[in-house]
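Enquirer:
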Amino acid sequence: MKKPVNAKQISPVANAAGFRFALVVSRFNSFITDRLLSGALEALEAAGADEENIEVVRVPGSFEIPLAAKILAAAGRADAVIAVGCVLRGETAHFDYVAGEVARGVQLAQLDTGVPVIFCVLTCDTLEQAIDRAGLKAGNKGYEAGLAAAEMANLSKQLRATEASRAAKKSPRGKRR
Ligand code: INI
6 MKKPVNAKQI SPVANAAGFR FALVVSRFNS FITDRLLSGA LEALEAAGAD EENIEVVRVP
66 GSFEIPLAAK ILAAAGRADA VIAVGCVLRG ETAHFDYVAG EVARGVQLAQ LDTGVPVIFC
126 VLTCDTLEQA IDRAGLKAGN KGYEAGLAAA EMANLSKQLR ATEASRAAKK SPRGKRR
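In the working numbering, the protein residues as written are 6 to 182.
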């Protein structure tokens, strides 16, 4: 295959200036989710987000994240939503249901609304694994999610603008058929 040297490149930047963000945060395992939230807020601030453009919504557990994320996204209250949760494996099958449904629901929320919903839900076997990912050995997944939200807000805007200009070229205003 030929190298796509002349292919048009769309590389979004993690610039959060001027965008609105909503974070849906599970209270379950708040010891972890509060740290993920701090990481995400730190990243958004570093990327230039205005504090006034950030909304934090708390839900009881990860299972409730998708509905709140979808309502926020569908209402146009954010250019990107960040889902923050932590599901820890216990002795029963509960983990599988909660982890599976939150992942499926978050994906549906973004596909149904067209608003990026970033998946910052840890699914860990042990509390130690979660602690490592909430600011210790494995960095802070919340920070990564904040940058991903800024990037996806930019990318969505760029892709929509490209589509709008294509559509305008195809059917210029005022042109009669
Ligand atoms: N919610 C979590 O966010 N993490 C968990 O580890 C968890 N466990 O293990 O039970 C959990 N359960 C609560 C669940 O998300 C709902 O809030 C609850 O079932 C009510 O719908």
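By construction, the Cβ of each residue, glycine as well, lies at the ideal position given by its N, Cα and C atoms.
1. Which residue comes first and which comes last in the beta strand (DSSP E) that contains S35?
2. For a test of the three-state rule: what should DSSP assign to V18, helix, strand or coil?
3. Starting from E57, trace the beta strand (DSSP E) both ways and give me its first and last residue.
4. DSSP puts I87 in a beta bridge; with which residues?
5. Would you mind giving the Cβ-Cβ distance between V18 and E156, rounded to the nearest angstrom? I have them listed as a contact below 8 angstroms.
6. Note down the Cα distance separating F36 from R138, rounded to an integer number of angstroms.
7. On the three-state DSSP scale, how would you describe G147?
8. For my contact list, I87 and A52 are in at a C-beta cut-off of 8 angstroms; report their separation, rounded to the angstrom.
9. Under 8 angstroms: do the segment 17-32 and the segment 64-71 share three or more Cβ pairs, one atom per stretch?
10. Counting along the chain, where does the beta strand (DSSP E) carrying A108 start and finish?
11. Assuming L49 contacts A114 under a Cβ cut-off of 8 angstroms, what Cβ separation, rounded to an integer in Å, is found between them?
12. Exposed or buried, what is D130 when buried is set at 16 or more other beta-carbons lying within 10 Å of its beta-carbon?
13. Near A27, what residues of its chain come up, given a Cβ to Cβ distance below 7 angstroms and the 5 sequence neighbours on each side ignored?
14. Can you determine whether any heavy atom of the ligand INI sits closer than 6 angstroms to the C-beta of G90, and answer yes or no?
15. Kindly indicate which three-state DSSP category A139 falls into: helix, strand or coil?
16. Just checking P71 against the ligand INI - is the residue's beta carbon closer than 6 angstroms to any of the ligand's heavy atoms?
Expert: Per the coordinate set shown:
1. Start at 1 with the first residue of the sequence shown, and residue 35 comes out as number 30. No beta strand (DSSP E) holds S35; the alpha helix (DSSP H) holding it covers 35-51.
2. By one-based count along the sequence shown, residue 18 stands at place 13. Three-state result, V18: coil.
3. As a first step, residue 57 must be located in the sequence shown, where it is residue number 52. Neither: E57 is in no beta strand (DSSP E) and is coded neither H nor E.
4. Within the sequence shown, the letter at position 82 stands for residue 87. L28, I123, per the DSSP bridge assignment.
5. Here residue 18 is taken as the residue at index 13 of the sequence shown, counted from 1. Here residue 156 is taken as the residue at index 151 of the sequence shown, counted from 1. About 7 angstroms separates the two Cβ atoms, so the contact holds.
6. Within the sequence shown, numbered from 1, the residue matching residue 36 stands at position 31. Within the sequence shown, numbered from 1, the residue matching residue 138 stands at position 133. Computed Cα separation, rounded: 12 angstroms.
7. The residue labelled residue 147 in the question sits at position 142 within the sequence shown. DSSP places G147 in helix when its eight states are reduced to three.
8. Within the sequence shown, the letter at position 82 stands for residue 87. Within the sequence shown, the letter at position 47 stands for residue 52. Rounded, the Cβ-Cβ distance is 12 angstroms, inconsistent with contact.
9. yes
10. Walking along the sequence shown from the start, residue 108 turns up at place 103. That residue, A108, is in no beta strand (DSSP E); its alpha helix (DSSP H) goes 99-118.
11. Taking the sequence shown and counting its residues from 1, one reaches residue 49 at position 44. Taking the sequence shown and counting its residues from 1, one reaches residue 114 at position 109. Going by Cβ atoms, the distance from L49 to A114 rounds to 19 angstroms, so no, they are not a contact pair.
12. Within the sequence shown, the letter at position 125 stands for residue 130. The residue is exposed, with fewer than 16 neighbouring Cβ atoms inside 10 Å.
13. Walking along the sequence shown from the start, residue 27 turns up at place 22. These residues qualify, in order along the chain: E60, V62, L77, R82, A83, V86.
14. As a first step, residue 90 is located in the sequence shown; it is residue number 85 there, counting from the start. The answer is yes for G90.
15. Position 134 of the sequence shown holds residue 139. Strand at A139.
16. Counted from its first residue, the sequence shown places residue 71 at position 66. Because no heavy atom of the ligand INI lies under 6 angstroms away, the Cβ of P71 does not count as near it: no.
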